[in-house]
Structure formats: C-alpha cells, structure tokens
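Undergrad: Could you have a look at this structure, given as structure tokens, before my questions?
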Amino acid sequence: MAKGLALVYLLAYNLACCAGWAYVLFICVKHIRAETIADTWSEVELPLKIVQTAAVLEVLHSMVGLVKSPWATAFMQVFSRVWTLWAIMDTTDAAQTTVFFVLACTSWGLVEVPRYLFYALNLLNAVPYPLFWLRYSLFAVLYPTGITGELGTMYHAFNFFITQAPIQDQPLFRQIHLVSIVLVAITYIPGSPKMFGHMVKTRSKQFELYKNGGKESGDKKDKKKH
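Oh and the sequence shown: position 76 is 103 in our numbering, straight run, nothing missing.
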C-alpha cells in the first residue's frame, strides 16, 4: 500500500514538473523568437518560481528514501538554481532583462523536461532509448550553458547594486547580499567541475547498465567481492 502511494505521488510529481518546465521553456523560446528577451521575466516569473522551487522536494525525497539518489548531490544541484532564482533573478531588473537570464532559464528547461519525463516513465519501466540518451547526454552542452547563464545574471545583479553606491555606504542587508553573490560565485570554481565529473561518471554507469540489460557486468561484481 505504502509503495503504491509513493509510486503514484512520484509519478504525479514528475509529470507535473515536466509540464511546468515545458511551459517555462515554451515562454522562453517564444520571446527568443520574437526578439523580446527583456520581456521574458514578466511572463515566466510565476511558473518558473513554482517549478524551480518545487525541486527542493527532490532533496526531501532523497532524505526520506523515496528515491535512491544521495541527498547531498541533490542539494548541490538544487541549491545553486534556487538561490540564483530568488537571490539574483528576483531582486533586480538588471538580472531579469539580460540575455544571461534567458540562457539560464532555457538551459534549465531543456534539461528538466526530458529529465522529469524520464523519471516518470522509469517508474513504469517504459523509458524509450531516445529519452534515455537525452537524459544522460544533454548535460554535456546544457550544464555549461546553464552555469554561464547563472554566473552572468550574478554579474549583472552585482554590477547593478555596486554602481548605485560604494559597498560600504549601502545598507547592511545589501552588503550581505553582495558578499553572498561573490561567495556563491566562487563556489562554482571547485563545484562545477566536480558536478560535471559526477554527471560524466553517472552517464558511463547508466549506459553500461543499459548495455547489460540493467545488470552490472561480471567484472564489477567480482570487484565488489574483493
């Protein structure tokens, strides 16, 4: 009974997030095609905030054992985006109207639509190979573009606030905000290569499992015994 409820919940969660990100992606592409990038935020703000903040639940899913992924890895993946959304994109027009915002938002959407659809269909053991390939391959391009977009919005937000007045003359909350932007940006230096390496290893592991029909190779089983 409990497993059945968990399955229904995870299926509903993943399908809802897939639909939400598809809508976000649709809005971004619409404004890119219309060359109205500066107006994207006003239309995408609400759905983006809902679907991106909902990703916090993924950390909880890991912590309570609903999914098998390590909660620390889930936290690292979710934190940078949620922080960028609420502490950077939501705080200034300088971040909202730049091409870096649309780059980040579009990159997120292109990754998340197939990812959540993969999770949903995987619960039903019905993942087609093209979706499997997209799930474990798109990061090679979209992770770097997403990071570029995130750092670009941080730069524009920081530059906007710092040009208003010297940091020492700004309110304490703004000083803390500016320092936090710098500190978070610095964490991308060691964090980004580590996360990218983790994704590469995960891709290799998943493709090997797929090749072996979902079973570990004999060599790896032997290694685990020693």
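For each residue, glycine too, the CB sits at the ideal point set by N, CA and C.
Do the CB positions of Val-129 and His-58 come within less than 8 Å of each other?
TA: Yes. Within cutoff.
Undergrad: Looking only at C-alpha atoms, which of Gln-195, Ala-33, Tyr-182 sits nearest to Asp-120?
TA: For the residues Gln-195, Ala-33, Tyr-182, the minimum Cα distance to Asp-120 belongs to Tyr-182.
Undergrad: Using only the alpha-carbon positions, how far apart do Cys-45 and Ala-82 sit?
TA: Spanning the two alpha carbons is a distance of roughly 11 Å.
Undergrad: Along the chain, where does the alpha helix (DSSP H) containing Asn-186 start, and where does it finish?
TA: Start and end: 166-191.
Undergrad: To which residues of the same chain is Thr-172 closer than 7 Å at the C-beta, ignoring the five residues directly before and after it?
TA: Contacts found: Leu-130, Ser-134.
Undergrad: With DSSP run on the structure shown, which of helix, strand or coil describes Ala-81?
TA: DSSP places Ala-81 in coil when its eight states are reduced to three.
Undergrad: With three or more C-beta pairs closer than 8 Å as the rule, is the segment 48-55 touching the segment 134-146?
TA: Yes, the segment 134-146 touches the segment 48-55.
Undergrad: For a quick check, are the C-beta atoms of Glu-85 and Ala-101 less than 8 Å apart?
TA: Against a cut-off of 8 Å, the Cβ pair of Ala-101 and Glu-85 comes out as a contact.
Undergrad: Spatial neighbours of Leu-75 within its chain, please: CB distance less than 6 Å, with the 5 preceding and 5 following residues excluded, ordered by chain position.
TA: For Leu-75, where only same-chain residues beyond five positions count, the Cβ hits under 6 Å are Val-51.
Undergrad: What is the residue span of the alpha helix (DSSP H) that Tyr-50 lies within?
TA: Per DSSP, Tyr-50 belongs to the alpha helix (DSSP H) from 29-61.
Undergrad: Would you tell me roughly how many angstroms separate the C-alpha atoms of Leu-165 and Asp-196, rounded to the nearest one?
TA: So the alpha carbons of these two residues sit roughly 44 Å apart.
Undergrad: Between the alpha carbons of Ile-77 and Cys-132, how many angstroms are there, rounded?
TA: Taking the straight line joining both Cα atoms gives about 13 Å.
Undergrad: Based on Cα-Cα distance, which residue from Gly-224, Leu-161, Lys-238 lies nearest to Tyr-143?
TA: Tyr-143 has its Cα closest to that of Leu-161, out of Gly-224, Leu-161, Lys-238.
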